[in-house]
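Novice:
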Amino acid sequence: MLAMSTPISLELSINDDRVRASVPAHWTLLELLRYELGLTGTKQGCDKGDCGACTVLIDGKPQLSCLILAANAEGKKVQTIEGLQPAHRKAGGVGLDPVQDAFDRCGALQCGFCQSGMMLSARALLNENPTPDRTEIRQALSGNLCRCTGYTQIVQAVELAIAESTGAEPESPSWSDGNPWKSTTSLSGKNGGDA
Amino acid sequence: MKDFEYIQPETVEAATAALATKENADWATAKARVFGGGQDLLGEMKTGLEEPSALVNVKWIQGLGGVTQADGGNLKFGATTKLRALEGLFSSGAFQVLSEAAKTIGSPQIRTQATLAGNLCQRPRCLYYRRPEAKCLKKGGDECFAYGGYNKFNAILGGGPSYIVHPSDMGPALMALDAQIEISDSKGTTEMALDDFFTLPSDGDVTRENVLRPDQVVISLRTGLDTPSEWRSTYLKFQERDGFDFALSAVALSLRVQNGAITDARIVLGGVAPRPWRCREAEQLLLGSMEAASLAKRGAAAADAALLGAEPLEHNAYKVPLTKGLLQRALRQLTA
Ligand SMILES: Cc1cc2nc3c(=O)[nH]c(=O)nc-3n(C[C@H](O)[C@H](O)[C@H](O)COP(=O)(O)OP(=O)(O)OC[C@H]3O[C@@H](n4cnc5c(N)ncnc54)[C@H](O)[C@@H]3O)c2cc1C
Ligand code: FES
Ligand code: FES
């Protein structure tokens, strides 16, 4: 049996880097990421499970880093927003992760505070189910609150990423007269630009 | 959050041994807490509602998670089974109520971490209870502020002297399957009906919602239906927001159907009482033929009977018709 008083040392994988850290037992994974490792892409919103801004992927599943003790992440594979593009490139992709690229092109953000959590929830969904319908998208993103956008462009961004990855014709977004995606070349797919 | 000792036992024996201190025999003095997914406990620790000096993480204990077969087609769920795992398990039959209830809980992120036992043992969400500066009855004070205050989300049944509602969705769902709960301490293991596990504020200790002692660990939940293959069940929950919200009212309904007639039923309400609220008299009214007109009549009578004792507070009378409607809709869905 393991019994620890502070500080505790742990080893885990963060964005495919092996990380060793020593933190107080009461630190959350969010605190480890932001205040020890400087990975500030993961946001601290409500700090109590209500907003999803702190979402990271643990062993591929979206979870709230504000409600997980750092000690509980021992041995786990954690992916933060900083790891999204590197993972995409490591898997042979170019440019941004298609989810990031679609969020960018759809303007699926205003202040951007919700965005890293939102994109990680979307990425986890697409990894599990490459062709979710709108209900499934909304359910997968239901734990990520956005105070700015009203969600329309966010859902459309995920749908754009899906359409482009399956080669389907992307639907015309509600906020545009014509279909802006018809002739667009996806940055993540072809150009490889760092937008 | 205050600092604490973090203990990670690998067996139930080691966990209960770690909890078996003198001060841990009683909630008034207990300083150690069982730690499941932490989705409730960490929230309470951050606001200072809980300040444990030790956390005993039970998630590493072998064999405490997962689903196994129990007697006569029933199922046993380990205490640390994740809600996410329950979500997709059942799309029909006796256990459907469990998946339907699990799906309504929190967000995908929360369900991935949250454990079944933690869901049953989570603390109330009453706005006054969650506010550290409000020393209400639940926290050893001498007033339930919801009673004369803002009580839109509070109890209409079984309230007094505290008017919290029990926040768990898995509680009503499991009770609709006659679940038994298995509990261990350093002296051994006991099993009891989940119905006997939950308590009302008037039952004794107003600061607790169940009979669990701080030196005990929930081990498993077992359904206890007679011939599960003859049962069907459903969970209907009404939330202010479509997702990511607690129940304003919820109905767990299960029916035993033999030769085209309802021969047994369970109705357990959530979100309306300080504990999952079983409606025994209303259940009896549901028994009989499956003919639509008769069923509709009996459903309406059962809904009236279920809410007969309701005593709404200033802001929550809406829960009465809401709950009646949910019950009748659940009945229609299960018999369509
Ligand atoms: C934003 C948000 C929304 C939510 N929405 C809902 C909802 O709609 N419906 C719903 O039902 N719940 C909801 N919840 C509550 C959530 O489901 C619970 O917090 C969660 O299920 C608790 O499980 P856990 O394993 O994380 O428990 P923990 O937080 O680890 O523990 C909760 C309590 O149970 C005790 N405990 C845990 N495991 C055991 C055990 N094996 N033996 C003895 N005691 C134990 C702990 O000591 C603690 O007191 C929500 C929570 C949040 C943060
Ligand atoms: S910061 Fe974790 S859910 Fe809001
Ligand atoms: S863009 Fe501001 S919270 Fe979503």
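Protein chains in written order, with our numbering: chain Y, 4 to 198; chain E, 4 to 339.
We put the beta carbon where it would ideally sit given N, CA and C, even for glycine.
1) Do A176 (chain E) and V254 (chain E) have their C-beta atoms closer together than 8 Å?
2) Just checking: is the beta-carbon of I71 (chain Y) within a distance shorter than 8 Å of some beta-carbon in chain E?
3) Does the Cβ of R150 (chain Y) lie closer than 7 Å to at least one heavy atom of ligand 3?
4) Start and end of the beta strand (DSSP E) containing A35 (chain E)?
5) How many whole angstroms separate the CB atoms of I159 (chain E) and V275 (chain E), which I take to be in contact at a CB cut-off of 8 Å?
6) What residue range does the alpha helix (DSSP H) around E185 (chain E) cover?
7) Could you spell out the range, first to last residue, of the beta strand (DSSP E) harbouring K85 (chain E)?
8) Does the separation of the CB atoms of A303 (chain E) and I270 (chain E) fall below 8 Å?
9) Would a check of beta-carbon distances place Y166 (chain E) closer than 8 Å to chain C?
10) Around the C-beta of D197 (chain Y), are 16 or more other C-beta atoms found within 10 angstroms, so that it is buried, or is it exposed?
11) With respect to 7 Å, is the separation between the Cβ of D53 (chain Y) and the closest non-hydrogen atom of ligand 2 below this value?
12) Tell me where the beta strand (DSSP E) around I265 (chain E) begins and ends.
13) Give the secondary structure of L140 (chain E) by DSSP, where H, G and I count as helix, E and B as strand, and everything else as coil.
14) Does the beta-carbon of S232 (chain E) have 16 or more other beta-carbons within 10 angstroms, so that it is buried, or is it exposed?
15) Look up A57 (chain E) in the DSSP assignment and say whether it is helix, strand or coil.
16) Report yes if the C-beta of G48 (chain Y) is less than 7 Å from at least one heavy atom of ligand 2; otherwise report no.
17) Span of the alpha helix (DSSP H) holding D104 (chain Y)?
18) What are the residues in the region 245 to 271 of chain E lying within 9 Å of chain Y by C-beta distance?
19) Once you ignore the five residues that flank Q47 (chain Y) on each side, which residues in its own chain have a CB closer than 8 Å to its CB?
20) Just to check, is the beta-carbon of T50 (chain E) closer than 7 Å to a non-hydrogen atom of ligand 1?
21) Measure from the alpha carbon of P173 (chain Y) to the alpha carbon of each residue in Y:N132, Y:N130, Y:R150 and Y:R108, then state which is nearest.
22) Should A69 (chain Y) be listed as close to ligand 2, given that the test is whether its C-beta is under 7 Å from any heavy atom?
23) In three-state terms, what does DSSP make of T138 (chain Y)?
24) Who are the near neighbours of A164 (chain Y) in its chain, counting only those whose CB is closer than 6 Å to its CB and skipping five residues on each side?
25) For the region 50 to 88 of chain Y, list the beta strand (DSSP E) runs that are entirely contained and at least 3 residues long, ordered along the chain.
26) Counting only beta-carbon atoms, is K79 (chain Y) nearer than 8 Å to chain E?
27) Going by the beta-carbon positions, is the gap between S236 (chain E) and L180 (chain E) smaller than 8 Å?
28) Curious, which full-length alpha helix (DSSP H) runs of at least 4 residues does the region 271 to 315 of chain E contain?
29) Are A182 (chain E) and L203 (chain E) closer than 8 Å when you measure CB to CB?
30) Report the residue from E:D229, E:K25 and E:D6 whose alpha carbon sits nearest the alpha carbon of Q219 (chain E).
31) How would you list, in chain order, the residues of chain E whose beta-carbon sits under 8 Å from the beta-carbon of A143 (chain Y)?
32) So which residues of chain E does P101 (chain Y) contact, with C-beta pairs closer than 7 Å?
33) Hey, is Q116 (chain E)'s beta-carbon within less than 8 Å of any beta-carbon in chain Y?
34) Taking 8 Å as the threshold (beta carbon to beta carbon), is H29 (chain Y) in contact with chain E?
35) In the DSSP assignment, what are the bridge partners of T237 (chain E)?
36) Could you tell me how far apart the beta carbons of L119 (chain E) and F80 (chain E) are, in whole angstroms, since I believe they sit closer than 8 Å?
Specialist: In terms of the structure at hand:
1) Locating residue 176 (chain E) in the second sequence gives position 173, where the first residue counts as 1. Locating residue 254 (chain E) in the second sequence gives position 251, where the first residue counts as 1. Going by C-beta atoms, A176 (chain E) is not nearer than 8 Å to V254 (chain E).
2) Residue 71 (chain Y) sits at position 68 when you count from the first residue of the first sequence. Judged by the 8 Å Cβ criterion, I71 (chain Y) is in contact with chain E.
3) Stepping through the first sequence from its first residue, residue 150 (chain Y) is reached at position 147. Yes, Cβ of R150 (chain Y) sits closer than 7 Å to a heavy atom of ligand 3.
4) Taking the first residue of the second sequence as position 1, residue 35 (chain E) is located at position 32. First-last of the beta strand (DSSP E) with A35 (chain E): A35 to F38.
5) Reading the second sequence from its first residue, position 156 is the one you call residue 159 (chain E). Reading the second sequence from its first residue, position 272 is the one you call residue 275 (chain E). Taking a contact as a CB-CB distance under 8 Å, the pair I159 (chain E) and V275 (chain E) counts as one, their CB atoms being some 5 Å apart.
6) The residue labelled residue 185 (chain E) in the question sits at position 182 within the second sequence. Element bounds for E185 (chain E): not the alpha helix (DSSP H) but the beta strand (DSSP E), Q183 to D188.
7) Counting from 1 along the second sequence, the entry for residue 85 (chain E) is found at position 82. Neither: K85 (chain E) is in no beta strand (DSSP E) and is coded neither H nor E.
8) Along the second sequence, one-based indexing puts residue 303 (chain E) at 300. Along the second sequence, one-based indexing puts residue 270 (chain E) at 267. No, these two residues do not count as a Cβ contact at 8 Å.
9) As a matter of chain content, chain C is missing from the structure shown, whose protein chains are Y and E.
10) What you label residue 197 (chain Y) is simply residue 194 of the first sequence in a count that begins at 1. Confidence is the limiting factor: at D197 (chain Y) the pLDDT is only 42, short of 50, which leaves the residue's position unreliable, though a coordinate-based value still follows. Exposed, because fewer than 16 other Cβ atoms sit within 10 Å of the Cβ of D197 (chain Y).
11) Residue numbering aside, residue 53 (chain Y) sits at position 50 when the first sequence is read from its first letter. Within the cutoff, so yes.
12) Looking up residue 265 (chain E) in the second sequence gives position 262. For I265 (chain E), the enclosing beta strand (DSSP E) has its first and last residue at A264 to G273.
13) Sequence index remark: in the second sequence, residue 140 (chain E) carries index 137 (1-based). Helix, per DSSP.
14) Your numbering for residue 232 (chain E) matches position 229 in the second sequence. Per the 10 Å Cβ criterion, exposed.
15) Looking up residue 57 (chain E) in the second sequence gives position 54. Judged by DSSP in its simplified three-state form, A57 (chain E) adopts strand.
16) Indexing the first sequence from 1 puts residue 48 (chain Y) at position 45. Indeed, a heavy atom of ligand 2 lies less than 7 Å from the Cβ.
17) On the first sequence, position 101 is the one that residue 104 (chain Y) refers to. Where D104 (chain Y) is concerned, the enclosing alpha helix (DSSP H) stretches over P101 to C109.
18) D245, G246 and F247
19) Residue numbering aside, residue 47 (chain Y) sits at position 44 when the first sequence is read from its first letter. Around Q47 (chain Y): L33, R37, A56, C57 and C69.
20) As a working mapping, residue 50 (chain E) is identified with position 47 in the second sequence. T50 (chain E): no, Cβ never under 7 Å from ligand 1.
21) Stepping through the first sequence from its first residue, residue 173 (chain Y) is reached at position 170. Here the closest residue by C-alpha is Y:R108.
22) The residue labelled residue 69 (chain Y) in the question sits at position 66 within the first sequence. Residue 69 (chain Y) is actually Cys in this sequence, not Ala. Correct: C69 (chain Y) has its Cβ closer than 7 Å to ligand 2.
23) Translated into the one-based positions of the first sequence, residue 138 (chain Y) becomes position 135. Here T138 (chain Y) sits in helix by DSSP.
24) Residue numbering aside, residue 164 (chain Y) sits at position 161 when the first sequence is read from its first letter. So the qualifying residues of the chain are P101, V102 and A105.
25) List check, beta strand (DSSP E) in window: 58 to 61, 64 to 67 and 80 to 82.
26) The sequence position of residue 79 (chain Y) within the first sequence is 76, counting from 1. No, no contact with chain E.
27) Position 233 of the second sequence, counted from the start, is the residue given in the question as residue 236 (chain E). Position 177 of the second sequence, counted from the start, is the residue given in the question as residue 180 (chain E). In contact: S236 (chain E) and L180 (chain E) (Cβ atoms closer than 8 Å).
28) 283 to 289 and 295 to 309
29) Here residue 182 (chain E) corresponds to residue number 179 of the second sequence, with the count starting at 1. Here residue 203 (chain E) corresponds to residue number 200 of the second sequence, with the count starting at 1. It is not a contact, given that the beta carbons lie outside the stated cut-off.
30) Within the second sequence, the letter at position 216 stands for residue 219 (chain E). Nearest C-alpha to Q219 (chain E): E:K25.
31) Here the question's residue 143 (chain Y) lines up with position 140 in the first sequence. By Cβ distance, chain E contributes P111.
32) Here residue 101 (chain Y) refers to the residue found at position 98 of the first sequence. In chain E, no part has a C-beta under 7 Å from the C-beta of P101 (chain Y); the shortest such distance is about 20 Å.
33) In the second sequence, counting from the first residue as 1, residue 116 (chain E) sits at position 113. For Q116 (chain E), the answer is yes, since a Cβ of chain Y falls inside 8 Å of its Cβ.
34) Along the first sequence, one-based indexing puts residue 29 (chain Y) at 26. Closer than 8 Å: yes.
35) For this step, residue 237 (chain E) is matched to residue 234 along the second sequence. T237 (chain E) pairs with E:L256.
36) Along the second sequence, one-based indexing puts residue 119 (chain E) at 116. Along the second sequence, one-based indexing puts residue 80 (chain E) at 77. With a Cβ gap of about 6 Å, L119 (chain E) and F80 (chain E) count as contacting.
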